[in-house]
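Undergrad: For the sequence shown, our numbering assigns the number -3 to the initial residue and increments by one for each residue that follows.
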Amino acid sequence: MPRTLRVPHDDPRLRYRGAVSLQRGPGWTAPWRLPYEEAALHLPEGGAGRAAMPAGVRVTFRTDARALRCRYQADPPPRLNGPQELPYLDVLCGQRPNTVLLTADGRDHGFRVGGLPGRPGGSPGLVELWLPTYAQFRLRELVLEGATEVVRDDREGPRWVLYGSSIAQGRGAASPARAWPALVARRTGWDLTSLALGAACYLQPMTARLIRDLPADLVTACAGINIQALGTHNGDSLAAAVVGFVTTVREGHPRTPFTMMSAIVAPDREDVPGPSGLTLAASRGHIRRAVELLRRHGDSRLSYLDGLDVLGPDLVHLLLEPEGIDRLHPAPAGHPVVADRFLARVAPGLHAAGLRAGGLHAAGPSTAGPRTAGPRTEPVCASNSMNAGLVEP
(Lines of atoms letter the chains of each structure in order from A and count residues from 1; the text may use other names and numbers.)
(Lines give C-alpha, C1' and ligand atoms only; values in the text may rest on other atoms or scores of the structure.)
Protein backbone atom coordinates (compact mmCIF):
# COMPACT_ATOMS: atom_id res chain seq x y z
CA MET A 1 0.00 0.00 0.00
CA PRO A 2 1.46 3.45 -0.87
CA ARG A 3 3.07 5.25 2.02
CA THR A 4 5.79 7.76 2.81
CA LEU A 5 9.30 6.31 2.73
CA ARG A 6 12.24 8.10 4.33
CA VAL A 7 15.57 7.48 2.61
CA PRO A 8 18.59 8.73 4.59
CA HIS A 9 21.62 10.25 2.90
CA ASP A 10 23.70 7.09 3.37
CA ASP A 11 21.09 4.56 2.23
CA PRO A 12 22.80 2.00 -0.05
CA ARG A 13 19.91 2.27 -2.52
CA LEU A 14 21.14 5.75 -3.43
CA ARG A 15 23.96 5.93 -5.98
CA TYR A 16 26.20 8.95 -6.06
CA ARG A 17 27.20 8.60 -9.70
CA GLY A 18 30.22 10.67 -10.67
CA ALA A 19 31.54 11.03 -7.11
CA VAL A 20 35.14 10.00 -6.49
CA SER A 21 34.70 9.94 -2.71
CA LEU A 22 31.94 10.48 -0.16
CA GLN A 23 32.46 12.50 2.99
CA ARG A 24 30.11 11.51 5.79
CA GLY A 25 29.18 13.94 8.53
CA PRO A 26 26.55 14.09 11.29
CA GLY A 27 23.42 13.34 9.30
CA TRP A 28 24.76 14.19 5.83
CA THR A 29 26.78 13.00 2.84
CA ALA A 30 28.92 15.32 0.72
CA PRO A 31 30.11 13.96 -2.65
CA TRP A 32 33.62 14.99 -3.70
CA ARG A 33 35.26 14.83 -7.12
CA LEU A 34 38.67 14.06 -5.63
CA PRO A 35 39.58 11.78 -2.72
CA TYR A 36 38.54 14.30 -0.06
CA GLU A 37 41.22 13.29 2.44
CA GLU A 38 43.90 13.90 -0.22
CA ALA A 39 42.38 16.92 -1.95
CA ALA A 40 45.12 19.27 -0.74
CA LEU A 41 47.72 17.11 -2.49
CA HIS A 42 45.99 17.75 -5.81
CA LEU A 43 45.78 21.51 -5.19
CA PRO A 44 48.62 22.33 -2.76
CA GLU A 45 48.28 26.09 -3.36
CA GLY A 46 44.69 26.01 -2.09
CA GLY A 47 41.21 25.82 -3.56
CA ALA A 48 40.53 22.17 -2.74
CA GLY A 49 36.95 23.11 -1.90
CA ARG A 50 36.22 23.28 -5.64
CA ALA A 51 36.39 19.49 -5.63
CA ALA A 52 33.48 19.50 -3.15
CA MET A 53 31.32 21.29 -5.73
CA PRO A 54 29.56 18.23 -7.20
CA ALA A 55 29.57 19.17 -10.89
CA GLY A 56 28.29 16.20 -12.88
CA VAL A 57 27.40 14.18 -9.77
CA ARG A 58 23.97 12.55 -9.79
CA VAL A 59 22.07 10.93 -6.93
CA THR A 60 20.10 8.21 -8.69
CA PHE A 61 17.51 5.65 -7.62
CA ARG A 62 14.28 4.02 -8.77
CA THR A 63 10.94 4.42 -7.06
CA ASP A 64 7.20 4.26 -7.68
CA ALA A 65 6.73 7.43 -5.62
CA ARG A 66 4.72 10.27 -7.12
CA ALA A 67 6.60 13.02 -5.27
CA LEU A 68 9.78 13.53 -3.30
CA ARG A 69 11.01 15.94 -0.68
CA CYS A 70 14.73 16.62 -0.32
CA ARG A 71 16.46 17.94 2.78
CA TYR A 72 19.91 19.39 2.12
CA GLN A 73 22.56 21.90 3.04
CA ALA A 74 24.32 24.05 0.44
CA ASP A 75 27.06 26.63 0.77
CA PRO A 76 27.15 29.90 -1.20
CA PRO A 77 28.85 29.80 -4.62
CA PRO A 78 32.15 31.69 -4.84
CA ARG A 79 32.38 35.20 -6.23
CA LEU A 80 33.55 35.06 -9.85
CA ASN A 81 34.45 37.48 -12.60
CA GLY A 82 31.47 38.22 -14.81
CA PRO A 83 27.97 36.86 -14.25
CA GLN A 84 27.64 35.00 -10.97
CA GLU A 85 26.77 31.33 -10.65
CA LEU A 86 23.58 30.35 -8.80
CA PRO A 87 23.10 27.15 -6.74
CA TYR A 88 20.81 25.22 -9.05
CA LEU A 89 19.89 21.53 -8.77
CA ASP A 90 18.10 19.54 -11.49
CA VAL A 91 15.58 16.78 -10.89
CA LEU A 92 15.46 14.56 -13.95
CA CYS A 93 12.88 11.85 -14.51
CA GLY A 94 12.76 12.16 -18.28
CA GLN A 95 14.53 14.19 -20.91
CA ARG A 96 13.58 17.61 -19.57
CA PRO A 97 15.10 18.67 -16.23
CA ASN A 98 13.20 20.56 -13.58
CA THR A 99 15.51 23.12 -12.05
CA VAL A 100 15.35 24.19 -8.42
CA LEU A 101 17.15 27.24 -7.04
CA LEU A 102 18.57 26.11 -3.71
CA THR A 103 18.95 28.21 -0.60
CA ALA A 104 22.72 28.29 -0.08
CA ASP A 105 23.55 29.52 3.42
CA GLY A 106 24.97 26.34 4.97
CA ARG A 107 21.79 25.58 6.94
CA ASP A 108 19.07 22.95 6.53
CA HIS A 109 16.53 23.59 3.78
CA GLY A 110 14.30 21.53 1.53
CA PHE A 111 12.26 21.38 -1.64
CA ARG A 112 9.48 19.22 -3.01
CA VAL A 113 9.10 17.75 -6.52
CA GLY A 114 5.88 16.21 -7.76
CA GLY A 115 4.98 14.35 -10.92
CA LEU A 116 7.52 11.55 -10.56
CA PRO A 117 7.09 8.75 -13.08
CA GLY A 118 5.66 6.12 -10.71
CA ARG A 119 5.79 2.72 -12.45
CA PRO A 120 6.25 3.22 -16.20
CA GLY A 121 6.10 -0.18 -17.85
CA GLY A 122 5.38 -1.84 -14.52
CA SER A 123 8.75 -1.14 -12.87
CA PRO A 124 9.84 1.70 -10.58
CA GLY A 125 10.75 4.85 -12.47
CA LEU A 126 14.23 6.34 -12.63
CA VAL A 127 14.91 9.58 -10.75
CA GLU A 128 18.18 11.54 -10.97
CA LEU A 129 19.21 14.54 -8.90
CA TRP A 130 21.91 16.48 -10.76
CA LEU A 131 23.72 18.31 -7.99
CA PRO A 132 24.95 21.92 -8.09
CA THR A 133 27.83 22.80 -10.37
CA TYR A 134 29.24 25.68 -8.35
CA ALA A 135 28.10 25.17 -4.74
CA GLN A 136 29.13 22.65 -2.12
CA PHE A 137 26.21 20.38 -1.27
CA ARG A 138 25.33 17.96 1.52
CA LEU A 139 22.38 15.59 1.23
CA ARG A 140 20.45 15.01 4.44
CA GLU A 141 17.43 12.93 3.45
CA LEU A 142 14.92 12.12 0.74
CA VAL A 143 11.26 11.59 1.62
CA LEU A 144 9.26 9.68 -1.01
CA GLU A 145 5.52 10.30 -1.02
CA GLY A 146 3.04 7.67 -2.13
CA ALA A 147 5.73 5.01 -2.53
CA THR A 148 5.72 1.27 -2.05
CA GLU A 149 9.39 0.77 -2.87
CA VAL A 150 12.73 2.37 -3.65
CA VAL A 151 15.45 0.34 -5.34
CA ARG A 152 19.01 0.92 -6.45
CA ASP A 153 19.67 2.14 -9.96
CA ASP A 154 21.68 -0.78 -11.32
CA ARG A 155 22.41 0.49 -14.84
CA GLU A 156 25.97 0.28 -16.08
CA GLY A 157 27.52 1.82 -19.15
CA PRO A 158 30.75 3.26 -20.55
CA ARG A 159 32.56 5.26 -17.89
CA TRP A 160 33.69 8.66 -19.08
CA VAL A 161 36.36 10.45 -17.04
CA LEU A 162 36.61 14.14 -17.91
CA TYR A 163 39.44 16.43 -16.80
CA GLY A 164 39.33 20.15 -17.37
CA SER A 165 38.90 23.68 -16.06
CA SER A 166 35.84 25.77 -15.20
CA ILE A 167 34.82 25.50 -18.87
CA ALA A 168 34.27 21.76 -18.39
CA GLN A 169 33.06 22.15 -14.80
CA GLY A 170 30.00 23.85 -16.28
CA ARG A 171 30.53 27.57 -15.72
CA GLY A 172 27.81 29.49 -17.54
CA ALA A 173 25.39 26.58 -18.01
CA ALA A 174 21.69 27.18 -17.42
CA SER A 175 21.65 24.38 -14.83
CA PRO A 176 23.68 21.27 -13.89
CA ALA A 177 22.03 18.90 -16.39
CA ARG A 178 22.46 21.51 -19.15
CA ALA A 179 26.25 21.88 -18.85
CA TRP A 180 27.95 20.60 -21.98
CA PRO A 181 29.49 17.48 -20.35
CA ALA A 182 26.09 16.62 -18.85
CA LEU A 183 24.40 17.03 -22.24
CA VAL A 184 26.97 14.71 -23.84
CA ALA A 185 26.56 12.14 -21.07
CA ARG A 186 22.76 12.25 -21.18
CA ARG A 187 22.71 11.86 -24.96
CA THR A 188 25.18 8.98 -25.13
CA GLY A 189 24.62 7.15 -21.86
CA TRP A 190 28.23 7.67 -20.84
CA ASP A 191 28.60 7.47 -17.05
CA LEU A 192 30.31 10.78 -16.34
CA THR A 193 32.93 11.42 -13.68
CA SER A 194 34.03 15.04 -13.92
CA LEU A 195 37.41 16.06 -12.53
CA ALA A 196 37.03 19.54 -14.04
CA LEU A 197 37.98 22.24 -11.54
CA GLY A 198 37.86 25.99 -12.00
CA ALA A 199 41.21 27.79 -11.67
CA ALA A 200 43.02 24.44 -11.95
CA CYS A 201 43.69 21.98 -14.78
CA TYR A 202 47.39 22.47 -15.43
CA LEU A 203 48.23 18.79 -15.92
CA GLN A 204 48.82 18.00 -12.24
CA PRO A 205 50.63 14.67 -11.76
CA MET A 206 48.37 13.74 -8.83
CA THR A 207 45.29 14.04 -11.02
CA ALA A 208 46.92 11.91 -13.73
CA ARG A 209 47.49 9.25 -11.07
CA LEU A 210 43.86 9.49 -10.02
CA ILE A 211 42.60 9.03 -13.59
CA ARG A 212 44.99 6.10 -13.94
CA ASP A 213 43.32 4.42 -10.96
CA LEU A 214 39.67 5.23 -11.77
CA PRO A 215 37.53 2.92 -13.89
CA ALA A 216 37.40 4.45 -17.38
CA ASP A 217 36.18 3.39 -20.81
CA LEU A 218 37.04 6.76 -22.32
CA VAL A 219 39.08 9.71 -21.08
CA THR A 220 38.96 13.36 -22.13
CA ALA A 221 41.38 16.04 -20.96
CA CYS A 222 40.69 19.69 -21.81
CA ALA A 223 43.75 21.82 -21.14
CA GLY A 224 45.29 25.16 -22.01
CA ILE A 225 43.22 28.01 -20.63
CA ASN A 226 44.62 27.99 -17.08
CA ILE A 227 48.08 26.95 -18.21
CA GLN A 228 48.24 30.23 -20.12
CA ALA A 229 46.56 32.29 -17.39
CA LEU A 230 48.54 30.92 -14.44
CA GLY A 231 51.85 30.48 -16.24
CA THR A 232 52.24 26.91 -15.01
CA HIS A 233 54.07 25.88 -18.20
CA ASN A 234 55.99 27.68 -20.89
CA GLY A 235 56.53 26.67 -24.48
CA ASP A 236 59.39 24.35 -23.55
CA SER A 237 57.61 22.48 -20.76
CA LEU A 238 54.02 22.17 -21.96
CA ALA A 239 54.57 19.36 -24.46
CA ALA A 240 56.63 17.46 -21.89
CA ALA A 241 53.85 17.90 -19.31
CA VAL A 242 51.26 16.52 -21.76
CA VAL A 243 53.48 13.51 -22.48
CA GLY A 244 53.95 12.86 -18.76
CA PHE A 245 50.25 13.26 -17.98
CA VAL A 246 49.09 10.92 -20.76
CA THR A 247 51.82 8.36 -20.00
CA THR A 248 50.78 8.21 -16.35
CA VAL A 249 47.13 7.67 -17.29
CA ARG A 250 48.22 4.96 -19.72
CA GLU A 251 49.72 2.95 -16.85
CA GLY A 252 46.16 2.09 -15.85
CA HIS A 253 44.38 2.47 -19.20
CA PRO A 254 46.78 1.39 -21.95
CA ARG A 255 44.10 0.98 -24.65
CA THR A 256 41.33 3.32 -23.50
CA PRO A 257 40.27 5.95 -26.08
CA PHE A 258 41.79 9.23 -24.87
CA THR A 259 41.01 12.64 -26.36
CA MET A 260 43.31 15.56 -25.57
CA MET A 261 41.41 18.79 -26.25
CA SER A 262 42.93 22.26 -26.35
CA ALA A 263 41.16 25.45 -25.26
CA ILE A 264 38.05 26.83 -26.90
CA VAL A 265 38.25 30.40 -28.14
CA ALA A 266 39.09 33.10 -25.60
CA PRO A 267 39.35 36.29 -27.67
CA ASP A 268 41.02 38.33 -24.94
CA ARG A 269 43.81 35.76 -24.45
CA GLU A 270 44.58 34.32 -27.88
CA ASP A 271 47.71 36.34 -28.56
CA VAL A 272 48.38 37.69 -25.06
CA PRO A 273 51.42 36.15 -23.30
CA GLY A 274 50.65 34.77 -19.85
CA PRO A 275 53.07 34.90 -16.90
CA SER A 276 55.30 32.30 -18.57
CA GLY A 277 55.23 34.03 -21.97
CA LEU A 278 52.86 31.42 -23.44
CA THR A 279 49.89 32.59 -25.50
CA LEU A 280 46.70 30.60 -25.76
CA ALA A 281 47.14 30.22 -29.51
CA ALA A 282 50.64 28.80 -28.99
CA SER A 283 49.40 26.38 -26.31
CA ARG A 284 47.24 24.58 -28.87
CA GLY A 285 50.27 23.91 -31.06
CA HIS A 286 52.30 22.48 -28.18
CA ILE A 287 49.46 20.19 -27.11
CA ARG A 288 48.91 19.00 -30.68
CA ARG A 289 52.61 18.25 -31.16
CA ALA A 290 52.73 16.26 -27.90
CA VAL A 291 49.79 14.14 -29.06
CA GLU A 292 51.42 13.57 -32.44
CA LEU A 293 54.65 12.54 -30.71
CA LEU A 294 52.84 10.02 -28.52
CA ARG A 295 50.99 8.63 -31.52
CA ARG A 296 54.29 8.16 -33.37
CA HIS A 297 55.44 6.16 -30.38
CA GLY A 298 52.54 3.76 -30.63
CA ASP A 299 49.58 5.37 -28.83
CA SER A 300 47.04 4.85 -31.61
CA ARG A 301 44.04 5.46 -29.33
CA LEU A 302 45.12 8.94 -28.36
CA SER A 303 43.61 11.77 -30.41
CA TYR A 304 43.84 15.55 -30.51
CA LEU A 305 40.80 17.82 -30.65
CA ASP A 306 41.37 21.48 -31.42
CA GLY A 307 39.16 23.53 -29.11
CA LEU A 308 38.57 26.04 -31.89
CA ASP A 309 36.72 23.30 -33.78
CA VAL A 310 34.35 23.06 -30.82
CA LEU A 311 33.88 26.77 -30.14
CA GLY A 312 35.89 29.03 -32.41
CA PRO A 313 36.12 32.72 -33.34
CA ASP A 314 32.89 32.58 -35.33
CA LEU A 315 30.99 31.74 -32.13
CA VAL A 316 32.31 34.42 -29.79
CA HIS A 317 28.71 35.63 -29.36
CA LEU A 318 28.03 32.39 -27.44
CA LEU A 319 30.48 33.27 -24.65
CA LEU A 320 29.20 34.15 -21.19
CA GLU A 321 31.16 37.26 -20.33
CA PRO A 322 30.36 40.61 -21.94
CA GLU A 323 33.00 42.45 -23.93
CA GLY A 324 35.38 44.20 -21.55
CA ILE A 325 35.57 41.19 -19.20
CA ASP A 326 37.85 38.21 -19.84
CA ARG A 327 35.70 36.13 -22.24
CA LEU A 328 36.31 32.40 -22.00
CA HIS A 329 33.22 30.44 -20.82
CA PRO A 330 30.24 29.29 -22.89
CA ALA A 331 26.97 31.07 -22.11
CA PRO A 332 23.79 29.01 -21.54
CA ALA A 333 23.18 28.99 -25.31
CA GLY A 334 26.80 27.96 -25.91
CA HIS A 335 26.76 24.75 -23.88
CA PRO A 336 24.50 22.81 -26.29
CA VAL A 337 26.69 23.95 -29.19
CA VAL A 338 29.84 22.75 -27.43
CA ALA A 339 28.15 19.42 -26.67
CA ASP A 340 27.01 18.95 -30.29
CA ARG A 341 30.36 19.84 -31.83
CA PHE A 342 32.39 17.88 -29.28
CA LEU A 343 30.35 14.75 -29.84
CA ALA A 344 30.37 15.12 -33.63
CA ARG A 345 34.17 15.12 -33.60
CA VAL A 346 34.80 12.52 -30.90
CA ALA A 347 32.11 9.92 -31.60
CA PRO A 348 33.43 8.63 -34.99
CA GLY A 349 36.78 7.71 -33.44
CA LEU A 350 35.05 5.97 -30.55
CA HIS A 351 32.91 3.97 -32.95
CA ALA A 352 36.06 2.86 -34.73
CA ALA A 353 37.45 1.74 -31.39
CA GLY A 354 34.31 -0.29 -30.71
CA LEU A 355 32.75 2.05 -28.14
CA ARG A 356 29.28 3.24 -29.10
CA ALA A 357 26.67 5.44 -27.50
CA GLY A 358 23.48 3.74 -26.48
CA GLY A 359 22.56 4.57 -22.92
CA LEU A 360 23.23 2.94 -19.62
CA HIS A 361 21.91 -0.59 -19.46
CA ALA A 362 20.72 -2.80 -16.65
CA ALA A 363 23.37 -4.91 -15.01
CA GLY A 364 24.19 -6.57 -11.74
CA PRO A 365 25.09 -4.50 -8.69
CA SER A 366 28.15 -2.33 -9.17
CA THR A 367 31.18 -2.91 -6.97
CA ALA A 368 32.82 0.38 -7.88
CA GLY A 369 31.23 2.40 -5.06
CA PRO A 370 31.08 6.15 -5.49
CA ARG A 371 33.45 6.09 -8.43
CA THR A 372 30.63 5.58 -10.53
CA ALA A 373 23.04 8.78 -16.83
CA GLY A 374 21.62 8.09 -19.78
CA PRO A 375 18.64 9.30 -21.68
CA ARG A 376 15.27 7.66 -20.97
CA THR A 377 11.78 8.43 -22.16
CA GLU A 378 9.78 8.98 -19.00
CA PRO A 379 7.30 11.56 -17.69
CA VAL A 380 8.51 15.03 -16.86
CA CYS A 381 8.47 15.89 -13.15
CA ALA A 382 6.52 18.87 -11.84
CA SER A 383 8.02 20.76 -8.94
CA ASN A 384 7.38 23.16 -6.15
CA SER A 385 9.69 24.26 -3.37
CA MET A 386 9.66 24.48 0.39
CA ASN A 387 12.61 26.81 0.98
CA ALA A 388 13.84 26.87 -2.61
CA GLY A 389 12.76 28.52 -5.82
CA LEU A 390 11.67 26.64 -8.91
CA VAL A 391 13.22 27.75 -12.17
CA GLU A 392 11.13 26.75 -15.14
CA PRO A 393 13.06 24.81 -17.82
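The beta-carbon is built from N, C-alpha and C at its ideal position, and this holds for glycine as well.
Please identify the residue among Ser17, Ile223, Arg108, Ala70 whose C-alpha is closest to the C-alpha of Leu191.
TA: Residue 191 sits at position 195 when you count from the first residue of the sequence shown. Looking at the Cα atoms, Ser17 is the closest of the given residues.
Undergrad: Quick check: the region 272 to 280 against the region 220 to 231, are there 3 or more CB pairs under 8 Å?
TA: yes
Undergrad: Rounded to whole angstroms, what's the CA-CA distance from Ala47 to Glu33? Just pull it up for me.
TA: For the purposes of this step, residue 47 is taken as the residue at position 51 of the sequence shown. For the purposes of this step, residue 33 is taken as the residue at position 37 of the sequence shown. About 11 Å.
Undergrad: Give every residue of the same chain whose Cβ lies closer than 6 Å to the Cβ of Ser299, excluding the five residues on either side of it in the sequence, and list them in chain order.
TA: Translated into the one-based positions of the sequence shown, residue 299 becomes position 303. For Ser299, where only same-chain residues beyond five positions count, the Cβ hits under 6 Å are Thr255, Gly345.
Undergrad: Using DSSP bridges, identify the partner residues of Val245.
TA: Start at 1 with the first residue of the sequence shown, and residue 245 comes out as number 249. Residue pairing of Val245 in beta bridges, as defined by DSSP: absent, with no partner found.
Undergrad: So which of Arg13, Ala63, Ala44, Asp232 has the shortest CA-CA distance to Thr399?
TA: With the chain running from -3 to 389 in the structure shown, residue 399 is simply not present.
Undergrad: Just the Cα atoms here: how many angstroms apart are Asp6 and Pro116?
TA: Counted from its first residue, the sequence shown places residue 6 at position 10. Counted from its first residue, the sequence shown places residue 116 at position 120. Asp6 and Pro116: Cα-Cα distance of roughly 26 Å.
Undergrad: Rounded to whole angstroms, what's the CA-CA distance from Pro40 to Ser161? Just pull it up for me.
TA: Within the sequence shown, residue 40 is the residue found at index 44, counting from 1. Within the sequence shown, residue 161 is the residue found at index 165, counting from 1. The alpha-carbon atoms of Pro40 and Ser161 are separated by roughly 17 Å.
Undergrad: Alpha carbon to alpha carbon, what distance is there between Leu127 and Ala164?
TA: For the purposes of this step, residue 164 is taken as the residue at position 168 of the sequence shown. For the purposes of this step, residue 127 is taken as the residue at position 131 of the sequence shown. Spanning the alpha carbons of Ala164 and Leu127 requires a straight line of approximately 15 Å.
Undergrad: Are at least three pairs of beta-carbons, each pair with one atom in the region 173 to 182 and one in the region 200 to 211, less than 8 Å apart?
TA: When C-beta atoms of the region 173 to 182 are compared with those of the region 200 to 211, fewer than three pairs fall below 8 Å, so the two segments do not count as touching.
Undergrad: If I'm right that Thr25 touches Leu135 with Cβ under 8 Å, what's the distance once you round it to whole angstroms?
TA: By 1-based counting over the sequence shown, the position of residue 25 is 29. By 1-based counting over the sequence shown, the position of residue 135 is 139. The C-beta distance from Thr25 to Leu135 rounds to 5 Å, short enough to fall under 8 Å.
Undergrad: On the three-state DSSP scale, how would you describe Arg124?
TA: Start at 1 with the first residue of the sequence shown, and residue 124 comes out as number 128. A small fix is needed here, since residue 124 is Glu in this sequence, not Arg. Three-state DSSP puts Glu124 in a strand.
Undergrad: Which residue marks the beginning of the alpha helix (DSSP H) containing Glu288, and which one marks its end?
TA: If you number the sequence shown from 1, residue 288 lands on position 292. Per DSSP, Glu288 is one residue of the alpha helix (DSSP H) stretching across 276 to 292.
Undergrad: Quick one: measure Cβ to Cβ for Arg67 and Asp104, integer angstroms, because I've assumed they're closer than 8 Å.
TA: Position 71 of the sequence shown, counting from 1, holds the residue named residue 67. Position 108 of the sequence shown, counting from 1, holds the residue named residue 104. So it is a contact: roughly 6 Å between Cβ atoms.
Undergrad: If you follow the alpha helix (DSSP H) that Ser171 is part of, which residue opens it and which one closes it?
TA: Locating residue 171 in the sequence shown gives position 175, where the first residue counts as 1. Note, Ser171: premise wrong, no alpha helix (DSSP H); not H, not E.
Undergrad: Can the beta-carbon of Pro50 be found closer than 8 Å to that of Ala15?
TA: Looking up residue 50 in the sequence shown gives position 54. Looking up residue 15 in the sequence shown gives position 19. Yes, the pair counts as a contact, with Cβ atoms nearer than the cut-off.
Undergrad: Please state the DSSP three-state secondary structure of Met202.
TA: Taking the sequence shown and counting its residues from 1, the one referred to as residue 202 is at position 206. Helix, per DSSP.
Undergrad: For Asp310, count neighbouring C-beta atoms within 10 Å of its own C-beta (all shown protein chains included) and say buried if the count is 16 or more, exposed if not.
TA: Counting from one through the sequence shown, the residue named residue 310 turns up at place 314. Asp310 sits exposed, since fewer than 16 C-beta atoms from the chains shown fall within 10 Å of its C-beta.
Undergrad: Roughly how many angstroms lie between the CA atoms of Gln80 and Thr59, to the nearest whole one?
TA: Working through the sequence shown from its first residue, we reach residue 80 at position 84. Working through the sequence shown from its first residue, we reach residue 59 at position 63. Approximately 35 Å, taken between the alpha carbons.
Undergrad: Which residues mark the beginning and the end of the beta strand (DSSP E) in which Pro27 is found?
TA: Working through the sequence shown from its first residue, we reach residue 27 at position 31. Its beta strand (DSSP E) spans residues 24 to 28.
Undergrad: Leaving out the 5 sequence neighbours to the left and right, which residues in its chain are closer than 6 Å to Leu339 when beta-carbon positions are compared?
TA: Numbered from 1 along the sequence shown, position 343 holds the residue referred to as residue 339. Excluding sequence neighbours, Leu339 sits near Val180.
Undergrad: Suppose contacts are defined by Cβ-Cβ distances below 8 Å. Is Leu316 in contact with Leu307 by that definition?
TA: By 1-based counting over the sequence shown, the position of residue 316 is 320. By 1-based counting over the sequence shown, the position of residue 307 is 311. No; because the gap between Cβ atoms is not below 8 Å, this pair is not in contact.
Undergrad: Spatial neighbours of Pro318 within its chain, please: C-beta separation below 8 Å, excluding the five flanking residues on both sides.
TA: Here residue 318 is taken as the residue at index 322 of the sequence shown, counted from 1. Here the set comprises Gly78.
Undergrad: For His4, I'd like the list of residues in its chain whose CB is within less than 6 Å of its CB, leaving aside the five on either flank, ordered along the chain.
TA: Reading the sequence shown from its first residue, position 8 is the one you call residue 4. According to the sequence displayed, residue 4 carries Pro and not His. Cβ within range, chain order: Glu137.
Undergrad: Going straight from the alpha carbon of Ser119 to that of Pro154, what length do you get?
TA: On the sequence shown, residue 119 is found 123 positions in, with the first residue counted as 1. On the sequence shown, residue 154 is found 158 positions in, with the first residue counted as 1. So the alpha carbons of these two residues sit roughly 24 Å apart.
Undergrad: What separation, rounded to the nearest whole angstrom, lies between the Cα atoms of Asp149 and Gly114?
TA: As a working mapping, residue 149 is identified with position 153 in the sequence shown. As a working mapping, residue 114 is identified with position 118 in the sequence shown. Going by the C-alpha atoms only, they are around 15 Å apart.
Undergrad: Let me know if Glu124 comes out buried or exposed under the rule of 16 or more other beta-carbons within 10 Å of its beta-carbon.
TA: The residue labelled residue 124 in the question sits at position 128 within the sequence shown. Counting Cβ neighbours within 10 Å, Glu124 comes out buried, since at least 16 surround it.
Undergrad: For Asp187, collect the residues of the same chain with a Cβ closer than 6 Å to its Cβ; drop the 5 residues on either side in sequence, then sort them by chain order.
TA: As a working mapping, residue 187 is identified with position 191 in the sequence shown. Cβ within range, chain order: Gly153, Arg155.
Undergrad: Around the Cβ of Thr99, are there at least 16 other Cβ atoms within 10 angstroms (buried) or fewer (exposed)?
TA: Sequence index remark: in the sequence shown, residue 99 carries index 103 (1-based). It counts as buried.
Undergrad: Quick one: Cα of Ala329 to Cα of Ile260, how far?
TA: Residue 329 sits at position 333 when you count from the first residue of the sequence shown. Residue 260 sits at position 264 when you count from the first residue of the sequence shown. Taking the straight line from one Cα to the other gives about 15 Å.
Undergrad: Identify which residue in Gly102, Leu112, Arg75 has its Cα closest to the Cα of Arg92.
TA: Stepping through the sequence shown from its first residue, residue 92 is reached at position 96. Selected option, being the one with the closest Cα: Leu112.
Undergrad: Relative to the alpha-carbon of Ala204, which residue among Ala235, Thr244, Ser296, Leu140 has its alpha-carbon at the smallest distance?
TA: Mapped onto the sequence shown, residue 204 falls at position 208. Of the listed residues, the one whose Cα sits closest to Ala204 is Thr244.
Undergrad: Measuring only the C-alpha atoms, how far is Asp322 from Arg75?
TA: Here the question's residue 322 lines up with position 326 in the sequence shown. Here the question's residue 75 lines up with position 79 in the sequence shown. Distance between the alpha carbons of Asp322 and Arg75: 15 Å.
Undergrad: In chain order, which alpha helix (DSSP H) runs of at least 4 residues are fully inside the region 131 to 200?
TA: 162 to 165, 176 to 184
Undergrad: If you measure between the beta carbons of Ala131 and Ala170, is that distance less than 8 Å?
TA: Sequence index remark: in the sequence shown, residue 131 carries index 135 (1-based). Sequence index remark: in the sequence shown, residue 170 carries index 174 (1-based). No, they are not a contact pair.
Undergrad: Looking only at its chain, what residues have a beta carbon closer than 7 Å to the beta carbon of Leu10, apart from the 5 residues adjacent to it on each side?
TA: Numbered from its first residue, the sequence shown carries residue 10 at position 14. So the qualifying residues of the chain are Val3, Val55, Phe57.
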